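All remarks here apply to the structure that follows.
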Ligand SMILES: [Zn+2]
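Residue numbers (this note's numbering): 73 to 396.
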């Protein structure tokens with residue numbers, strides 16, 4: 073079955089990014105792969121009156137099932153209207169790797185897709201991205217491209233080493249492909265283990281010099297940061313306290329994300345922090361109430377913890393609260 077995103081109540085990224093750029097904040101892109109995460113993202117963003125990008129990878133889409141996903145999202149938007157103010161919502165494909173996948177998402181209600189050709193040589197990346205842009209723009213769907221490679225593991229995406237985005241390539245890439253936003257690599261990475269630090273050592277700074285150079289070359293163009301979880305210490309501690317084991321998990325310091333959000337960065341991706349919040353809450357319940365076996369009794373508190381985390385991010389890190 074095919075869907076047009078506007079029939080589901082979704083919007084593309086165009087106005088959202090324009091307003092974010094003009095007002096110095098970033099729109100949050102939260103990943104989800106089940107009902108509780110979707111509920112938490114929508115409730116958290118309605119309660120903090122933030123625009124939001126609901127983000128699924130190809131594997132998350134398969135986990136839910138491609139036929140079920142559009143109905144879940146439509147239902148979530150109806151729920152948003154019932155519980156509060158309607159907020160602008162985008163449904164976005166994270167790390168699309170083929171034209172077929174991107175086109176299939178566009179045909180089933182996505183209002184934005186990422187085509188990630190960053191592992192290919194420049195010309196191949198351009199060719200692949202351009203093909204998706206042509207299909208997407210004929211349907212008023214937004215496209216995110218990527219230049220540079222992030223280290224780390226995220227769903228099907230993994231790379232041992234990172235390659236920073238080369239600022240001298242961005243104008244050519246944006247001009248040739250016609251993308252609406254660009255993901256760049258300036259020191260963020262995927263997953264919960266972003267840096268190997270010695271005791272007492274601070275994580276290295278993001279390469280704001282590269283970001284500034286990119287901004288200078290494509291002024292006002294929406295930039296996207298992947299792998300931008302803080303890996304919130306309170307959740308890692310809670311996981312470890314209640315039987316988990318996540319040694320040396322460390323992410324991007326909040327202050328650097330605030331700085332990025334004030335710049336040309338219009339979209340900040342958050343996946344790991346959401347996973348940590350839910351896992352921490354579930355581990356706590358399992359440790360404190362070993363007899364509990366009603367899924368609502370542990371998934372419910374996990375959902376509540378995720379709502380709390382999302383409101384915190386919108387209000388105190390991305391600056392998107394109150395902008396819907
Ligand atoms: Zn990513």
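C-beta: ideal position from N, C-alpha, C; glycine also.
Here the structure is a predicted model, which is why all the values come from computation and not from measurement.
Heavy atom of ligand 1 within 7 angstroms of residue i beta-carbon
i	result
residue 259	no
residue 299	yes
residue 105	no
residue 195	no
residue 164	no
residue 341	yes
residue 235	no
residue 262	yes
Candidates the options, of which the one nearest residue i by Cα
i	options	result
residue 172	333, 154, 283, 201	201
residue 84	315, 245, 204, 211	211
residue 296	303, 287, 304	287
residue 108	355, 347, 363	347
residue 239	262, 249, 82, 283	283
residue 144	126, 160, 158	126
residue 147	179, 110, 120	110
residue 194	181, 217, 177, 174	217
residue 86	272, 160, 104, 332	160
residue 237	203, 279, 224	279
residue 449	119, 208, 322	In this structure the chain extends from 73 to 396, so residue 449 is not present and cannot be described.
residue 332	391, 123, 364, 235	391
residue 350	378, 224, 122	378
residue 429	164, 274, 246, 315	With the chain covering only 73 through 396, there is no way to say anything about residue 429.
residue 81	322, 181, 241	181
residue 321	174, 149, 270	270
residue 101	117, 261, 189, 312	117
residue 397	156, 275, 138	In the structure as shown, the chain starts at 73 and stops at 396, and residue 397 therefore has no counterpart that could be examined.
residue 383	115, 396, 352	115
residue 166	215, 92, 129	129
residue 92	123, 106, 385, 313	123
residue 149	199, 389, 79	79
Span separating the alpha-carbon of residue i from that of residue j
i	j	result
residue 243	residue 183	25 angstroms
residue 44	residue 324	It is not possible to answer for residue 44, since the shown part of the chain is limited to 73 through 396.
residue 264	residue 299	9 angstroms
residue 310	residue 356	7 angstroms
residue 169	residue 213	17 angstroms
residue 112	residue 220	32 angstroms
residue 258	residue 306	26 angstroms
residue 354	residue 249	44 angstroms
residue 302	residue 373	21 angstroms
residue 197	residue 327	32 angstroms
residue 251	residue 272	41 angstroms
residue 203	residue 222	23 angstroms
residue 254	residue 121	25 angstroms
residue 89	residue 360	44 angstroms
residue 185	residue 316	35 angstroms
residue 177	residue 337	25 angstroms
residue 380	residue 393	13 angstroms
residue 262	residue 289	26 angstroms
residue 191	residue 234	11 angstroms
residue 152	residue 158	6 angstroms
residue 358	residue 205	47 angstroms
residue 105	residue 334	29 angstroms
residue 260	residue 224	9 angstroms
residue 352	residue 119	23 angstroms
residue 241	residue 187	17 angstroms
residue 318	residue 362	21 angstroms
residue 281	residue 256	13 angstroms
Heavy atom of ligand 2 within 7 angstroms of residue i beta-carbon
i	result
residue 167	Ligands in the displayed structure: ligand 1; ligand 2 is not one of them.
- request: Would you be able to state if there are at least three C-beta pairs under 8 angstroms between the region 129-143 and the region 89-98?
  value: Contact fails: fewer than three Cβ-Cβ distances are below 8 angstroms.
query: Are the region 333-343 and the region 351-370 touching, with three or more C-beta to C-beta distances below 8 angstroms?
result: no
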